[in-house]
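Protein chains in written order, with my numbering: chain U, 1 to 83; chain R, 84 to 888.
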Amino acid sequence: MSSSIMAMMIGISTFLGALGLAALIWGVRTGQFDDESKFIDGARFDGEDELRDAIKMDEKKKKAQEKVKKAKAAKEKNYMPPD
Amino acid sequence: MTQVACSHCHLKFDESVMIIEHKSEILYFCCKGCEGVYHLLKDEGLDSFYEKLGKQTLNPPVTLKDDLNRFDLEGFKNKYIKITEDGLNQVSLIIEGIHCSACVWLNEKVLHRTDGIIEASINYSNNKAKIIWDDDEIKLSHIIAKIRSIGYNAYPYDPSLQEEQSIKERNEYYTRILLAVFASMNIMWLAIAQYAGYFTGIEKEHKNILSIGQFILATPTLFYSGWVFFRGAYYGLKNHFVNMDLLVASGALLAYAYSVYAMLTQRGEVYFDSVTMIITFVLVGKYLEVLSKKRASDTLDKIIGTMPTEATIIQGNEKELISVENITIGNIIELKPGEKVAVDGILEVGSASFDESSLTGENEPIHKKSGDDILSGTICLSSVVRYKVTKRANDSLLYTITELLDDSITKKPKIEQLANSISGHFSLSILAISLLTFGGWYWINGSFESALIIAISVIVIACPCALGLATPMATLIGISRAASRGILFKESRMLETMAKSTLLALDKTGTITEGKPSVISFQTEEGFDPAMLLALVHSSNHPVSQSIEKYLHDNYSDMTIIDLANIKSIDAKGVRAEYDGNVLAGGNEALMKSLGISTAVTSEHALYIFALSDKVVAKVELQDKIKDQAKQIIGELTNQGMKVVMLTGDHKQSACNIAKQVGIEEVHHSLLPVDKAKHIDKFHKDGEIVVMAGDGINDAIALAKSDIAIAMGRGADIAIEVSDIVLLDDKLESLLNTFTISKRTFAAIRQNLGFSLLYNIITIPLAVLGYVTPMLAALSMSLSSLVVVANSSRIKLKSNIKENR
Chain U
1 MSSSIMAMMI GISTFLGALG LAALIWGVRT GQFDDESKFI DGARFDGEDE
51 LRDAIKMDEK KKKAQEKVKK AKAAKEKNYM PPD
Chain R
84 MTQVACSHCH LKFDESVMII EHKSEILYFC CKGCEGVYHL LKDEGLDSFY
134 EKLGKQTLNP PVTLKDDLNR FDLEGFKNKY IKITEDGLNQ VSLIIEGIHC
184 SACVWLNEKV LHRTDGIIEA SINYSNNKAK IIWDDDEIKL SHIIAKIRSI
234 GYNAYPYDPS LQEEQSIKER NEYYTRILLA VFASMNIMWL AIAQYAGYFT
284 GIEKEHKNIL SIGQFILATP TLFYSGWVFF RGAYYGLKNH FVNMDLLVAS
334 GALLAYAYSV YAMLTQRGEV YFDSVTMIIT FVLVGKYLEV LSKKRASDTL
384 DKIIGTMPTE ATIIQGNEKE LISVENITIG NIIELKPGEK VAVDGILEVG
434 SASFDESSLT GENEPIHKKS GDDILSGTIC LSSVVRYKVT KRANDSLLYT
484 ITELLDDSIT KKPKIEQLAN SISGHFSLSI LAISLLTFGG WYWINGSFES
534 ALIIAISVIV IACPCALGLA TPMATLIGIS RAASRGILFK ESRMLETMAK
584 STLLALDKTG TITEGKPSVI SFQTEEGFDP AMLLALVHSS NHPVSQSIEK
634 YLHDNYSDMT IIDLANIKSI DAKGVRAEYD GNVLAGGNEA LMKSLGISTA
684 VTSEHALYIF ALSDKVVAKV ELQDKIKDQA KQIIGELTNQ GMKVVMLTGD
734 HKQSACNIAK QVGIEEVHHS LLPVDKAKHI DKFHKDGEIV VMAGDGINDA
784 IALAKSDIAI AMGRGADIAI EVSDIVLLDD KLESLLNTFT ISKRTFAAIR
834 QNLGFSLLYN IITIPLAVLG YVTPMLAALS MSLSSLVVVA NSSRIKLKSN
884 IKENR
């Protein structure tokens, strides 16, 4: 086996492994493994309904954020210095 | 009669007492609460909850006092509600009543469906929830009401106290370990190829590539994962203290430096695999310690979360709700039934029963009248009273207890400091020896490279592995052995202290005794009807009534069910009711006296008298029953050289009586929680290593003060929290097992340490003399670790043999 092929094999496998590791670390950092039992139960309980719920929650969040932004903008627009 | 399961909570009861509904299928409910929640879930289309619940049972929903408006008060908001970057509100809650993952699913589902809630996530392991909501659309009180409507309860906690920090620390360790494990796994197959090449021959070019691959993996492991050791070593040195961290860091760093040198000059062998292995093993050990801290902070949050934030003070003719911090000494506070006392004081107007179980562990309500002390953390049960504040919130009992507990969680015990100083001396000697070796060989040989290799061999061969594994390996097996018998050690190092302990202090109620009274004599007279007594005791949930009810069921059959009229419970005395024109009364002597019935009985035990139309027809004597085998077990412990003493809040007669029966000679009675702690201090002064076993909050301070605290599994949360060991099955036999397993484990630790010391005495001189290459050093280090592991596994076998006998 030539050394360049060996180097490439080691390089690629390590790189792919590192990608997986990075994904795992990202999961840990964003708190996805904070509750180990919930993580496992996800497989048992999560269905279409839960997916729809998640989308709804996302929409709700966006709406609330927009509302707050608008309120802030309106406040700045109508700003009047105190007499 | 057949027993059927409640359609909501799945608890089984007699069919006759159930609420029955005939729908498409027959529904049974044990109470109105369950019925309400069941229909609510059905109407909301959430009945798939029951499928998810499976055979799990729930606690029936309890009716809670109406305190919802406290969640919208300013004082509460300032303390617990945070505003997020988006301008939304966020609160951290602990949800009570979660049994299984289906409960988490239900709570999240209901919260997600509520308008105005932007985010809701519940952690199953610690029942903590984070909720973000829009205050314009919904108030927090409504969110709490929603959670209560489905049969759970929620109260807030402050995450910034301990939790945020411990979560951060845990995640940081987790990331470091993941990287270290990944690198070690990958470096191993590269290293194996290289070792194989060492024996069968390998092209130089191939060897270089393998070395570079290992270098790439070892570098982040050493500097990122191993950073904690560099940090620990730095802080150690800064405080003039040599610790194990320094040995790990210097060993790994030197091996790394030499390997880089070998890789660049293409001479000699690389030892990157040793670098990652050393870091990974020791890091995992450290991580376990971080985990246990996180668990401890979870329960502390639970206690602080139930502390009241406001109280009603009376100013002239006006009532005002102010936050607890603003209460001053001399304020008059009004308490309504169901309210928890926020600060200590003295009762001025009115009289009421108080539930002091959170402080004393006694279930019996205590009647208080004007002039009596009111303690924070207790709950007012019966009527509206006013009391005068004598202590500010920060000096009150409840706060003092939580402070003490916080201290006990964050403080390190003496024994660990000792272990650190021993390993410090060891590390220092090894570093000195290797330095001398390097200097000596350089002086003799003049070759920098060979001198460095030999010096590294010395460090690697003595590297913490065998010594480091000697204790954790044995304790790990000891702990898992204990856990399989229902004995939970919170931290491994407690095994060692336990094995060395000299004095065992036992609480009485709940530890030596069952903690509930049982009938020891039952005298009846003419006119006694068991059915009437059954109906009377059934109407009360006092422990005495419950024991009599159980006794009647066990000893009488065919009792007809009768309905009593005008049932009236008289505080701290008993119950009075009417049936068929007769007056029934059951309770203590004080009740009989107040009804003008003469009794003329004396008893050293608790006495329950049952009177029918002013005539005594039954006398029942009750006593707290001593646990099975208490005498044998205490005798066995005394034989093993332990000094056993009793610390109890109970009065002299009862304490001495029990002590005599179980064979305890030293008894300290009538003690307040603080007195118990003082006794522990006194034992310490006498040079004893104290083990304390208890179950109530009244034991909590003493438990926190003792070297080893053992809690009974059914005890109060707070007692379990400050303990180092929890006995799940409440049996005294487990207490004995705890001692046995600790002693065996400690023996194994000593053998392991002895072996690794012997190993070091033999191998270090060999390494110093230059007979050992670093690779051989790494190999023998692994072999010595294997010996330690094998010896530790014997703990398991030994206990098995004894148990099977």
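Idealized CB from N, CA, C, for every residue including glycine. In this text the structure is predicted, and so the values were computed from the model without any measurement.
6 Å Cβ shell around residue 78 (chain U) - same chain, five flanking residues per side excluded: If we look at residue 78 (chain U) and ignore the five residues flanking it on each side, it has no Cβ neighbours.
Three-state secondary structure (DSSP) of residue 755 (chain R): Here residue 755 (chain R) carries a coil assignment [DSSP, helix/strand/coil].
Delimiting residues of the beta strand (DSSP E) encompassing residue 841 (chain R): First-last for residue 841 (chain R): 815-851, but that is the alpha helix (DSSP H), not the beta strand (DSSP E).
Listed by chain order, chain R residues near residue 25 (chain U) by CB distance under 7 Å: Chain R residues near residue 25 (chain U): 258 and 261.
Runs of alpha helix (DSSP H) lying entirely within the stretch 270-308 of chain R, each at least 4 residues, in chain order: The DSSP assignment places complete alpha helix (DSSP H) segments of no fewer than 4 residues inside the stretch 270-308 of chain R at 287-303, in order along the chain.
Distance CB(residue 621 (chain R))-CB(residue 609 (chain R)) smaller than 7 Å: The beta carbons of residue 621 (chain R) and residue 609 (chain R) sit no closer together than 7 Å.
Continuous alpha helix (DSSP H) stretch holding residue 189 (chain R): start and end: Residues 184-196.
Where the alpha helix (DSSP H) containing residue 233 (chain R) begins and where it ends: Following the DSSP letters along the chain, one finds residue 233 (chain R) in no alpha helix (DSSP H), marked with neither H nor E.
Inter-stretch contact (C-beta, 8 Å, three-pair minimum) for the stretch 767-775 of chain R and the stretch 575-584 of chain R: Touching, yes.
Whole-Å CB distance - residue 959 (chain R) paired with residue 432 (chain R), under 8 Å assumed: An answer regarding residue 959 (chain R) cannot be provided, because it is not within the stretch 84 to 888 covered by chain R.
Beta strand (DSSP E) segments (min. 3 residues) lying fully within the stretch 645-672 of chain R: Complete beta strand (DSSP E) runs here, min 3: 648-653, 657-662 and 665-670.
CB contact flag (residue 363 (chain R), residue 263 (chain R), <7 Å): Here residue 363 (chain R) is near residue 263 (chain R), since their CB atoms are less than 7 Å apart.
Residue 513 (chain R), buried or exposed, once every other Cβ within 10 Å from all chains shown has been counted against 16: Residue 513 (chain R) comes out buried.
Cross-chain neighbours of residue 73 (chain U) in chain R, by beta carbon under 8 Å: Close to residue 73 (chain U), with beta-carbon spacing below 8 Å, lies no residue of chain R; the smallest spacing is near 12 Å.
Of the residues R:853, R:117 and R:119, the one placed nearest residue 538 (chain R), counting alpha carbons only: Looking only at R:853, R:117 and R:119, the smallest Cα-Cα distance to residue 538 (chain R) is reached by R:853.
Neighbour list for residue 43 (chain U) in chain R, Cβ cutoff strictly below 9 Å: Taking a Cβ-Cβ cut-off of 9 Å, residue 43 (chain U) has no neighbours in chain R, whose nearest Cβ is about 11 Å from it.
Between the CA atoms of residue 213 (chain R) and residue 169 (chain R) - distance to the nearest angstrom: Using only the alpha carbons, I get a separation of about 16 Å.
Residue 217 (chain R) at chain U interface by Cβ criterion, 7 Å: Chain U, which has a Cβ nearer than 7 Å to the Cβ of residue 217 (chain R), makes this yes.
Through-space distance from residue 67 (chain U) to residue 156 (chain R), alpha-carbon basis: Answer to the nearest angstrom: the Cα atoms are 25 Å apart.
7 Å CB neighbourhood of residue 63 (chain U) in its chain, flanking five on each side removed: Contacts found: none.
Those residues which DSSP pairs with residue 905 (chain R) across a bridge: A question about residue 905 (chain R) goes unanswered here, because the residues of chain R that appear run from 84 up to 888.
is_contact[residue 207 (chain R), chain U] using C-beta, thresh 7 Å: So yes, residue 207 (chain R) belongs to the interface.
Runs of alpha helix (DSSP H) wholly within the stretch 554-632 of chain R (minimum 4 residues, chain order): DSSP runs (the alpha helix (DSSP H)) wholly in the stretch 554-632 of chain R: 577-583 and 613-621.
Bridge-paired residues (DSSP) for residue 470 (chain R): Looking at the DSSP assignment, residue 470 (chain R) forms a beta bridge with R:416 and R:430.
Nearest candidate by alpha-carbon position, reference residue 300 (chain R), set R:355, R:698 and R:644: Nearest Cα to residue 300 (chain R) within the set R:355, R:698 and R:644: R:355.
Against chain R: residues of the stretch 43-66 of chain U by CB proximity under 8 Å: For the stretch 43-66 of chain U, residues whose beta-carbon sits nearer than 8 Å to a beta-carbon of chain R comprise 44, 45, 53, 56, 57, 60, 61, 64 and 65.
Own chain, CB closer than 8 Å to residue 76 (chain U), minus 5 neighbours either side, in chain order: Excluding its 5 nearest sequence neighbours in each direction, residue 76 (chain U) has no C-beta neighbour in its own chain below 8 Å.
Residue-level contact to chain U via CB, residue 342 (chain R), 7 Å cutoff: For residue 342 (chain R), no CB of chain U lies under 7 Å from its own CB, so it is not counted at the interface with that chain.
Three-state secondary structure (DSSP) of residue 729 (chain R): It is a strand residue.
Inter-stretch contact (C-beta, 8 Å, three-pair minimum) for the stretch 832-839 of chain R and the stretch 591-602 of chain R: No contact exists between the stretch 832-839 of chain R and the stretch 591-602 of chain R.
Contact list for the stretch 287-310 of chain R against chain U, Cβ threshold 9 Å: Answer in chain order: 288, 289, 291, 292, 293, 295, 296, 299 and 300.
Contact with chain R by residue 21 (chain U), beta-carbon distance below 7 Å: At least one CB of chain R lies nearer than 7 Å to the CB of residue 21 (chain U).
Residue from R:271, R:285 and R:541 whose Cα sits closest to the Cα of residue 338 (chain R): When C-alpha distances from residue 338 (chain R) are compared across R:271, R:285 and R:541, the shortest belongs to R:541.
Collapsed DSSP secondary structure at residue 34 (chain U) in the structure displayed: Taken through DSSP and simplified to helix, strand or coil, residue 34 (chain U) comes out as coil.
Cβ separation of residue 729 (chain R) and residue 738 (chain R), assumed to be a contact under 8 Å, to the nearest whole Å: Contact between residue 729 (chain R) and residue 738 (chain R) is confirmed by a C-beta separation of about 7 Å, below the 8 Å threshold.
Distance, residue 603 (chain R) Cα to residue 612 (chain R) Cα: The C-alpha of residue 612 (chain R) lies about 19 Å from the C-alpha of residue 603 (chain R).
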